[in-house]
Amino acid sequence: MSETENNSSPLAGAALPADKPRRTLLLAAAGLVAAGAGAGFAWWRKRHSPDSALAIQPPEGFWDLQWDSPQGTPVRLQSFRGKPLLINFWATWCPPCVEEMPLINNFFDKHQTDGWQVLGLAIDKPTAVSTFMTRTPVSYPIGMAGATSTELWTQLGNPYGALPYSLLVGANGTILQRRLGKLSQADLDVWAQLK
1 MSETENNSSP LAGAALPADK PRRTLLLAAA GLVAAGAGAG FAWWRKRHSP DSALAIQPPE
61 GFWDLQWDSP QGTPVRLQSF RGKPLLINFW ATWCPPCVEE MPLINNFFDK HQTDGWQVLG
121 LAIDKPTAVS TFMTRTPVSY PIGMAGATST ELWTQLGNPY GALPYSLLVG ANGTILQRRL
181 GKLSQADLDV WAQLK
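Under the UniProt record's numbering, the residue at position 193 of the sequence shown is numbered 193, and the numbers go up by one with no gaps.
Put into structure tokens, the structure is as follows:
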């Protein structure tokens, strides 16, 4: 048989029985590396996700912050200290923010007698917020955080600067939860138990 005929044989390039354990070992090792990389990425993502349970102190000077309300009166964060507080960063031009506002307002109305506080921090122009609040009033206070609050977002665990962004601050002043994206009724039900 010629060399050309030998290479065109159906067995040309096929693994010989002695190569099978090595190939199995290589495939198993590749699978373990892939599984380890996937698990490592999942751990890193959970650890660095703004959607996570926490127990961290807010940044220094946090309780000294204040903003103007749409009506021009001061909204001092210090006045919320000592009670459970839901802080919600939002904007009038953000559809998920607008969609979650009735849920947050209902949460406040339902739990206010239990000591719960809610503060909406608008990342918007005062005229846009005033017009919006006339059409869509809420029971909880609104502060005009404006676009300059991006440093605060980052310090509070929102490195993406995305909206909506919500925090749950316990009565002891510790940040217990944070949520990037629209809150659901299920989120609020869980948070109500944490105060």
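Cβ atoms here follow ideal geometry from the backbone N, Cα and C, with glycine treated the same way. Since this is a predicted model, take the numbers as computed values, not measurements.
- Within 10 angstroms of the beta-carbon of residue 95 lie fewer than 16 other beta-carbons, which makes it exposed.
- Closest by C-alpha distance to residue 120, out of 22, 67, 175, 55, is 67.
- DSSP, reduced to helix, strand and coil, places residue 189 within a helical segment of the structure shown.
- DSSP lists 122 as the bridge partner or partners of residue 144.
- For residue 75, the uninterrupted beta strand (DSSP E) segment begins and ends at 74-76.
- If you draw a straight line from the Cα of residue 55 to the Cα of residue 185, it is about 22 Å long.
- With at least 16 other beta carbons inside 10 angstroms of its own, residue 149 counts as buried.
- With a threshold of 16 other beta carbon atoms within 10 Å, residue 166 meets it and is buried.
- Contact between the region 135-155 and the region 88-105 is established, with three or more Cβ pairs separated by less than 8 Å.
- Here DSSP, grouped into helix, strand and coil, assigns residue 93 to coil.
- For residue 165, the pairing in a beta bridge is given by DSSP as 89, 180.
- Collapsing the DSSP output to three states places residue 55 in a strand.
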